[in-house]
Amino acid sequence: MEDIVSYRARADRFVAEEIAPRQAEWAREHGVSPEVWRRAGELGLVSPDLPVQWGGGGGDYRHFAALLEARGKHDDRSWGISNQAIVVQYLHHHGTPAQQARYLRRLAQGELLGAIAMTEPHTGSDLKNIRANAVRIPGGWRLNGRKTFISHVRYAGLVVVAARSTTEDGREGVSLFLVEPSQAPGYRIVKHLDKLGQRGIDTSEIALDNVEVADDALLGGAPGKGFRQMMSDLPYERMIVAVSAIATMERAFALAVDYTRERTVFGQPVAQFQHTRFKLAEIKTRCVIGRSFVDSCIDKQVAGTLDSATASMAKLWLSETSFSVVDDCLQMFGGQGYIHDEHPIAQIFADSRAERIYGGTSEVMKEIIARTI
6 MEDIVSYRAR ADRFVAEEIA PRQAEWAREH GVSPEVWRRA GELGLVSPDL
56 PVQWGGGGGD YRHFAALLEA RGKHDDRSWG ISNQAIVVQY LHHHGTPAQQ
106 ARYLRRLAQG ELLGAIAMTE PHTGSDLKNI RANAVRIPGG WRLNGRKTFI
156 SHVRYAGLVV VAARSTTEDG REGVSLFLVE PSQAPGYRIV KHLDKLGQRG
206 IDTSEIALDN VEVADDALLG GAPGKGFRQM MSDLPYERMI VAVSAIATME
256 RAFALAVDYT RERTVFGQPV AQFQHTRFKL AEIKTRCVIG RSFVDSCIDK
306 QVAGTLDSAT ASMAKLWLSE TSFSVVDDCL QMFGGQGYIH DEHPIAQIFA
356 DSRAERIYGG TSEVMKEIIA RTI
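Start counting the sequence shown at 6; every next residue gets the next number (the working numbering).
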């Protein structure tokens, strides 16, 4: 894998030239065109932290973080690379050799898009109590249930579905299934969800009505391992939110500095007022603290020592602090900050609100952290 500096430059250039200019288009269409994924795959940008043998870049989490930071720097909230990365992680860490051979290279090259179907209309972070069920049939399984807040389903060729595979209550009865929508009669998109922000990422509710899959669609090949499989990759997923959040903070801060230096009120730049200078000083301090924490967590992720509680702290503090910072920065723009077409800060405000919700709400993060006290 190339060094992190050159990779960061390549990722930054791709996002700036091929992702950022199409944000408005994708927001209108509620989805990113598949050719963008294939182009990213050609450049080795889809799975930079996946081993080369599976079509990845052979790098580590630092390379993936550089890609996430490029997205934040250029105000991208459409290209759902995070969901693709999580699907890849499931297959890389838990898939059978046959499953890895069938899917990983195509996912890494952007030829196949993945989605994750875990959340249900009545079940959010409480994954051990999901209601979707999988019943044993000759040669495979029959799936039934509803899933919501599912991203990428419009173009997804592979959906990782969490379902209860036994009558046993709790975590031991959950399994993950690999469903290919084009080969699954009974799989259907029920409705598109019209979100407050991140409108370029298609998010929908899906139904599974007697969807039949073969035995080899069970991730890992053995039932009852789904909850543990999901839990083992949660630090990776929560660090995605933390890295994205620090990138958002730094972007909002840079926008606020530039604007307050240019905007004049009562005959002087807004940046010269003591209140503004103190507020910017406070925000800069929070950005520096956040960056230090995130970089430390990235190092632990690379070393394989990042635990669930620390990842939850990063997700909690960075997502909460990021939204607070964005709110403070928007205030410095006055009325202009509330006009969507005038400055990107308005869209950043709408987009960043979800970071306190997905990947586990802030309240759930606190519960996880509290268990370590």
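Quick reminder that beta carbons are idealized off the backbone N, C-alpha and C, glycines included.
Query                                                                                                                                                           : Result
With distances taken between CB atoms, is the gap from Leu198 to Ser209 smaller than 8 angstroms?                                                               : yes
With DSSP as the reference, identify every bridge partner of Val216, one or two as the case may be.                                                             : Leu148
Give me whichever residues DSSP pairs with Ile350 in a beta bridge.                                                                                             : In the DSSP output, where bridge partners are listed per residue, Ile350 has none listed.
Can you tell me which of the three DSSP states Thr128 falls into?                                                                                               : strand
Could you give the C-beta distance for Val165 and Ala189, rounded to a whole number, given that I count them as a contact under 8 angstroms?                    : With a Cβ gap of about 13 angstroms, Val165 and Ala189 do not count as contacting.
Less than 8 angstroms separating the beta-carbons of Ala247 and Leu323?                                                                                         : yes
Quick check on Ser301: buried or exposed, where buried means 16 or more other Cβ atoms within 10 Å of its Cβ?                                                   : exposed
Quick check on this structure: which residue in Val20, Asp17, Ala29, Ala14 has the alpha carbon closest to the alpha carbon of Asp346?                          : Ala29
Looking at C-alpha atoms only, which residue of Arg18, Met123, His98, Ala106 is the closest neighbour of Glu74?                                                 : Arg18
What are the boundary residues of the alpha helix (DSSP H) that Ser237 is part of?                                                                              : 231-237
Assuming Leu207 contacts Ser156 under a Cβ cut-off of 8 angstroms, what Cβ separation, rounded to an integer in Å, is found between them?                       : The sequence as given places Asp at residue 207; Leu does not occur at that position. That belief holds up - the Cβ atoms of Asp207 and Ser156 are roughly 7 angstroms apart, short of 8 angstroms.
In terms of alpha-carbon separation, which member of Lys196, Ala168, Gly178 lies closest to Val184?                                                             : Ala168
Helix, strand or coil: which one does DSSP assign to Ala247?                                                                                                    : helix
Once the 5 residues before and after Ala71 are set aside, which same chain residues still bring their CB inside 7 angstroms of it?                              : Ile9, Tyr12, Arg13, Ala16
Between Val179 and Leu213, how many whole angstroms is the CB-CB distance? I'm expecting something under 8 angstroms.                                           : Contact flag wrong, Cβ pair sits at about 15 angstroms.
In three-state terms, what does DSSP make of Lys196?                                                                                                            : strand
I'd like the span of the beta strand (DSSP E) that includes Asn138, first residue to last.                                                                      : 138-142
Is it buried or exposed for Phe328, if we count other Cβ within 10 angstroms and need 16 for buried?                                                            : buried
Can you tell me which of the three DSSP states Pro240 falls into?                                                                                               : helix
Which word fits Ile373, buried or exposed, when buried means at least 16 other C-beta atoms lie within 10 angstroms of its C-beta?                              : buried
DSSP on Phe154, reduced to helix/strand/coil?                                                                                                                   : strand
Below 7 angstroms CB to CB, which residues in the same chain sit around Ile344 once its five sequence neighbours on both sides are set aside?                   : Ala351
Taking Cβ positions, are Phe338 and Tyr264 nearer each other than 8 angstroms?                                                                                  : yes
Applying the criterion that 16 or more other CB atoms from any shown protein chain within 10 Å of the CB defines a buried residue, is Glu125 buried or exposed? : buried
Give the single residue among Thr377, Ser367, Ala359 whose Cα lies nearest to the Cα of Phe154.                                                                 : Ala359
With a 10 Å radius around its C-beta and 16 neighbouring C-beta atoms as the bar for buried, classify Val92 as buried or exposed.                               : buried
Classify Gln203 as helix, strand or coil using the three-state DSSP reduction.                                                                                  : coil
Could you tell me which of Thr171, Glu22, Trp59, Gly231 sits nearest to Met123, measuring between CA atoms?                                                     : Gly231
Could you please give the first and the last residue of the uninterrupted alpha helix (DSSP H) stretch that includes Gly295?                                    : 279-308
Report the residue from Arg43, Ile86, Arg291, Arg233 whose alpha carbon sits nearest the alpha carbon of Ala257.                                                : Arg291
Would Gln234 and His99 qualify as a contact pair, given that the criterion is a beta-carbon distance under 8 angstroms?                                         : yes
Throw me the rounded Cβ distance for the Glu23 and Arg44 pair, which I believe falls under 8 angstroms.                                                         : 7 angstroms
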